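Asks: Taking the numbering used here, the leading residue of the sequence shown gets 396, the next gets one more, and so forth.
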Amino acid sequence: MAMSNYKSFYPEYIKKSMPELSLEDIICKLEPLRKEGAIVLRFEIRCTDDFTVLDVVDNYTDVIGTEIYCRECEKDIYIAEENIYPKYFINDQYCKYLKKKSKTEQLLAHN
């Protein structure tokens, strides 16, 4: 996945590909990549009425209990835990590293 054109992903995406793993297991397995800086965990803030992304933040606790205006619904949305969706963003340098590594492995495999 990281070597494709994806720039970000949801843990639920991996869950669909690997149903034997729980979301908790997936997040635990992603943690070393996050600590290395290969991926960055951010949080989408979504409208509960139409799921429009209202904002993307580094620390969701900063917006819990506040209101954010939804342009689609044309109203202020009170932000609670159900508005928060974790999303991982893939570091561009890590993508380049994986592409280079993949090309090198392919070249070595053909020799």
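For every residue, glycine included, the Cβ atom is placed at its ideal position computed from N, Cα and C. The structure displayed is predicted, hence computed values, not measured ones.
Counting only the same chain and skipping the five closest in sequence on each side, list residues whose C-beta sits under 8 Å from that of D450.
Replies: E439, I440, V458 and I463, listed in sequence order.
Asks: So what does DSSP say about Y401, is it helix, strand or coil?
Replies: Correct three-state label for Y401: coil.
Asks: Looking only at DSSP bridge pairs, what is D450 linked to?
Replies: Note: D450 sits in a beta bridge opposite I440.
Asks: Return the Cβ separation of S403 and K482 in integer angstroms, given the expectation that the two are a contact with Cβ distance under 8 Å.
Replies: That pair is a contact at about 6 Å.
Asks: Can you grab the Cα-Cα spacing for the pair L436 / P427, in whole Å?
Replies: If you take the alpha carbons of L436 and P427, they lie about 12 Å apart.
Asks: What residue from K411, E467, D420 and E431 has the CA that sits closest to Y489's CA?
Replies: Measuring from the Cα of Y489, the nearest candidate turns out to be E431.
Asks: Going by C-alpha distance, which of N486, K410 and D445 is nearest E477?
Replies: Answer by Cα proximity: D445.
Asks: Compute the beta-carbon to beta-carbon distance between C465 and I472, rounded to the nearest angstrom, for a pair I have assumed lies under 8 Å.
Replies: That belief holds up - the Cβ atoms of C465 and I472 are roughly 5 Å apart, short of 8 Å.
Asks: Between the alpha carbons of C423 and K410, how many angstroms are there, rounded?
Replies: Each residue's alpha carbon lies about 13 Å from the other.
Asks: Out of C442, Y405, D420 and D487, which one is the CA nearest neighbour of E467?
Replies: E467 has its Cα closest to that of C442, out of C442, Y405, D420 and D487.
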